[in-house]
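By my numbering, the letter at position 397 of the sequence shown is numbered 411, and the numbering carries on one by one without gaps. Glycine is no exception: its CB is placed at the ideal position from the N, C-alpha and C atoms. As the structure is a computational prediction, the values presented were derived from the model and not from experiment. Worksheet for the structure shown next.
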Amino acid sequence: MEANLEQLVVALNISSLSTDILQQITLLLQSKTEEVLPSFISQEYQSLFTLEHKVWQLLGEDSREWFNDSNYSEFFQTLGSFNKNMIFNQDNIKDEIIISLLMPDTIDQINSIFKQIEQSIDDNDPVITFASLWFDNLSFSIHEYPQLGHSPIIIQMNQYVTGHCILSEQFKFYLGQLRQSPLLQSLFTAKQLFYMRTCPFSLHVYFHSNPSSFDYTPDQILQNIGNDYLQIIQIQSYTIELWSTELLSCMTQLIGFMRAFLWWNGEMGTKFKILLSTEKILCEYIQAMIHITDYEAQCGRIMSQWINNETILLDSVMIFLMHIAQTQNINWFFRSINQLPDILLKIAESSINNEICLCAYGILTEILTDEDLKKLKFPDNIRVYFFEMFEKAWQNPEKRTAELNKILLFIDMCDKYPIVYDIIWALSFNQDIQQQLRSNSAFMSKLTHLAKESKNDQMKKNIHGILWNLELNREIGSTIVIKDEEIFDIMISYSHEEKVLCKQIYDELINCGYRIWIDFNQMHGNVMDAMAQAIERSHTIIICMSEQYRKSNYCRAEAQYAFRQQRKIVPVILQKHYKPDGWLSFLIGSLLYIDFNKYEFPEAMVKLFNELKVEDMSKINVVPVRPKEDIAAIPPSLSVSSPKRSVSPIYSQNILEWTQTQVHNWLLEHNLVQMSRILTNCDGRSLIYLNKYIKYCPIQQILNLFQEESHRRINESISLIELSCFQSLMDQQKRLIQSIDVNTEQNGSLISCSIHNETRATRM
15 MEANLEQLVV
25 ALNISSLSTD
35 ILQQITLLLQ
45 SKTEEVLPSF
55 ISQEYQSLFT
65 LEHKVWQLLG
75 EDSREWFNDS
85 NYSEFFQTLG
95 SFNKNMIFNQ
105 DNIKDEIIIS
115 LLMPDTIDQI
125 NSIFKQIEQS
135 IDDNDPVITF
145 ASLWFDNLSF
155 SIHEYPQLGH
165 SPIIIQMNQY
175 VTGHCILSEQ
185 FKFYLGQLRQ
195 SPLLQSLFTA
205 KQLFYMRTCP
215 FSLHVYFHSN
225 PSSFDYTPDQ
235 ILQNIGNDYL
245 QIIQIQSYTI
255 ELWSTELLSC
265 MTQLIGFMRA
275 FLWWNGEMGT
285 KFKILLSTEK
295 ILCEYIQAMI
305 HITDYEAQCG
315 RIMSQWINNE
325 TILLDSVMIF
335 LMHIAQTQNI
345 NWFFRSINQL
355 PDILLKIAES
365 SINNEICLCA
375 YGILTEILTD
385 EDLKKLKFPD
395 NIRVYFFEMF
405 EKAWQNPEKR
415 TAELNKILLF
425 IDMCDKYPIV
435 YDIIWALSFN
445 QDIQQQLRSN
455 SAFMSKLTHL
465 AKESKNDQMK
475 KNIHGILWNL
485 ELNREIGSTI
495 VIKDEEIFDI
505 MISYSHEEKV
515 LCKQIYDELI
525 NCGYRIWIDF
535 NQMHGNVMDA
545 MAQAIERSHT
555 IIICMSEQYR
565 KSNYCRAEAQ
575 YAFRQQRKIV
585 PVILQKHYKP
595 DGWLSFLIGS
605 LLYIDFNKYE
615 FPEAMVKLFN
625 ELKVEDMSKI
635 NVVPVRPKED
645 IAAIPPSLSV
655 SSPKRSVSPI
665 YSQNILEWTQ
675 TQVHNWLLEH
685 NLVQMSRILT
695 NCDGRSLIYL
705 NKYIKYCPIQ
715 QILNLFQEES
725 HRRINESISL
735 IELSCFQSLM
745 DQQKRLIQSI
755 DVNTEQNGSL
765 ISCSIHNETR
775 ATRM
């Protein structure tokens, strides 16, 4: 007959700990399979509660003579396994029951255990082994039930772990050991594993629960362990196939702790820059993380639940990589790793863990171009899981409906989570989504009301963006009367991530006399109307392309409106290694763009000037520009430049003395824009020789050569009108040309051969 747990617990004398009773309890717990676990816990809850809390008390007492007995060891291992199974059987056991059984009564019990560990002179003391088991299960509980992270006991426990373990000399010593390669198995003592696995695990899940406060600064932690951590990653990540079980557990929790700490509280900028301070260090770290994900044997041991080291490690690494891809302008490096998409796809398609699978797809959506993304096939289980996460976050199980209208789910979430308006804005660029939104009259009425009455500026901006998309599904002409003094030469459209470089470009342009519209401080009010007016009043739009620009709903609306208004668009790239993709690639089409990372800034500016259509600034009547009073979106902080009154430059009578800049300006003054671009870097002497070639070479050959040169330099067909105007202007300089000692006796065929060979050499 099976023993009754209640009777055994009553009979168990905590002071003597009868071996026979412990054996019976051990056998009883071992017999409880996952299927019968919920009913057993329900029936024996009170007895289990008493037993669990006696163990917490026992771990804090000086009872080492008991732990050395094999019966006690087996009892603790069995109860620890029982508790872990209980944690991951949460669908069938109430949360409050699991929490009440596993949480210690007081912080004093925790402090007593820490004291036992610190005073132990035996690095393989069984007390440390069993205490680690109990703390690890507590960490699993906090991960599954994040509300536990806000418990006063857990808060105080992790403050202690940080101050007495993570920031201790002992922890630094153990980190130094992990920098060795190869590692001796003897390094992994019970105490070393407590410091290197159990303590980081505790902080890993603690920061994952997003606690409201923490007594230590990022500097204190990262300056103490940051460099050691990075060295360990660089050394050990490339020997993953040699990792022992112990090293795997340490690496898992160190990486997990660092990932959770850096992104704790939704703020990672300062902490991230302390740890990964340069682009080189960041790229090396990414490479190490990717090497870990590419270890096939590890992927084969992934579980559907967050229950073993392999699963936790891959989960932490994947989240780490996804956060980096989302927050750092480093996608060029991800894209440079040719095998990465295949690695991620293999994980996504083979993993039975939905979180890891979704994370793999999340990274792919960040690093792949839109064209490559369209080729991805998301399995049905991931589609379902994605919306289940939203549903679980928003709805109670009782509120679930048989069929979920996806856009309606977002609409339903708006009132409580205003950030969802930003998601809807992004979706509203799609025509099908536009139709779904328009058909929801209640939501449309709410949007109209909030656009006028909301006090939340960011939410208001998102709502204006949604309404803008819903009303702009057609070609729109200018809707305002624009006076001459309100016209701008250029509007600069950019993401505020690139504000510093944009300011440099802005300064250069106004110094050359351009009238510029740019928003240096994020506007308030109806920014969409302000944006529309700025575009309608501007001749040319400089689009400053970057990853953040492409991701920005506002930038997308701005660029698309400029396209609809048929403004001249001049694209420039400001982010290193960025290549336009998605809607941005479609919008700029075959336009040539200037890469400010490919050239030094002065050279890039010269190329930008070449792309801009310069007007005679001396003819522009300078009048201060003021926004209409009923448009509150253009604040005083908006930078609108007034041009300097420019004077037409005076050129030397001798063309030979003209510099490249003077030639360029002379061509632009005569509206030979295309010729100014083709003849970039030509000085006065070059013009004279070119004029001779045109006069003495066969006309068809000249046209063919010009056509080739034009395609090579600016990817455009040569304008016969501009070429004719150029020749006419040169003829007007006949007196000057004749004063130049150029041998005109050369026959046409010789000149033809010369220019043809020169062109061929240039192309080689």
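query, result
"Would you mind working out which of 483, 165, 523 sits nearest residue 502, comparing C-alpha positions?", "523"
"The alpha helix (DSSP H) that contains residue 69, what's its start and end?", "59-73"
"Using 8 Å for Cβ pairs, my map puts residue 532 next to residue 557. What's the rounded Cβ distance?", "No, residue 532 and residue 557 are not in contact; Cβ-Cβ is about 12 Å, not under 8 Å."
"Would residue 570 be called buried (16 or more neighbouring beta carbons within 10 Å of its own) or exposed?", "buried"
"Considering only residues of the same chain and omitting the five flanking positions on each side of residue 289, which have a CB-CB separation below 6 Å?", "236, 240"
"Ignore the nearest five residues each way along the sequence and tell me which others in residue 443's own chain have a CB closer than 7 Å to its CB.", "483, 570"
"Using three-state DSSP, classify residue 54 as helix, strand or coil.", "helix"
"Does the beta-carbon of residue 334 have 16 or more other beta-carbons within 10 angstroms, so that it is buried, or is it exposed?", "buried"
"Can you name, in chain order, every residue of its own chain whose Cβ lies under 8 Å from the Cβ of residue 727, other than the five neighbours on each side?", "691, 692, 694"
"Using only the heavy atoms of the ligand NAP, determine whether one of them is closer than 6 Å to the beta carbon of residue 108.", "For the ligand NAP, the structure offers nothing, since it holds no ligand at all."
"In terms of residues, what are the limits of the alpha helix (DSSP H) holding residue 381?", "368-381"
"Are the segment 432-446 and the segment 467-476 in contact at 8 Å, needing three or more beta carbon pairs?", "yes"
"Note down, in chain order, each residue of its chain lying with its Cβ closer than 6 Å to the Cβ of residue 464, except the 5 sequence neighbours on either side.", "477"
"Reducing DSSP to helix, strand and coil, say where residue 208 ends up.", "helix"
"Residue 49: buried (16+ other C-beta within 10 angstroms of its C-beta) or exposed?", "exposed"
"Contact defined as beta carbons within less than 8 Å: I believe residue 686 pairs with residue 736. What is the distance between those atoms, to the nearest angstrom?", "5 Å"
"Out of 716, 721, 708, 719, state which residue places its alpha-carbon closest to the alpha-carbon of residue 742.", "708"
"Using CA coordinates, which residue listed in 218, 234, 242, 325 is at the minimum distance from residue 272?", "218"
"Rounded to a whole number of angstroms, what is the C-alpha to C-alpha distance between residue 252 and residue 305?", "7 Å"
"Using a Cβ-Cβ cut-off of 8 Å (strictly less than) and excluding sequence neighbours within five positions of residue 379, which residues of its own chain qualify?", "387"
"Could you tell me whether the segment 64-77 touches the segment 111-130, using the rule of 3 or more Cβ pairs below 8 Å?", "yes"
"Classify residue 553 as helix, strand or coil using the three-state DSSP reduction.", "strand"
"Roughly how many angstroms lie between the CA atoms of residue 116 and residue 124, to the nearest whole one?", "13 Å"
"Measuring straight from C-alpha to C-alpha, what distance separates residue 56 and residue 91?", "22 Å"
"Please report how far the alpha carbon of residue 137 lies from the alpha carbon of residue 206, in whole angstroms.", "8 Å"
"With a threshold of 7 Å between beta-carbons, can residue 335 be considered close to chain C, or not?", "Note that chain C does not occur in the displayed structure, where there is just one protein chain."
"Given that a residue counts as buried once 16 or more other Cβ atoms are within 10 Å of its Cβ, and exposed if not, what is residue 3?", "Residue 3 is absent from the structure shown; the chain starts at 15 and stops at 778."
"Does the beta-carbon of residue 259 have 16 or more other beta-carbons within 10 angstroms, so that it is buried, or is it exposed?", "exposed"
"Straight-line CA distance for residue 313 to residue 365?", "7 Å"
"Relative to the C-alpha of residue 587, which residue among 178, 343, 23 is closest?", "343"
"Using the beta-carbon count (16 or more within 10 Å), is residue 222 buried or exposed?", "buried"
"CA-CA distance, residue 510 and residue 544?", "17 Å"
"Once the 5 residues before and after residue 720 are set aside, which same chain residues still bring their CB inside 6 Å of it?", "732"
"Do residue 315 and residue 245 have their C-beta atoms within less than 7 Å of each other?", "no"
"Which of the three DSSP states is assigned to residue 712 in this structure?", "coil"
"Under three-state DSSP, which class holds residue 542?", "helix"
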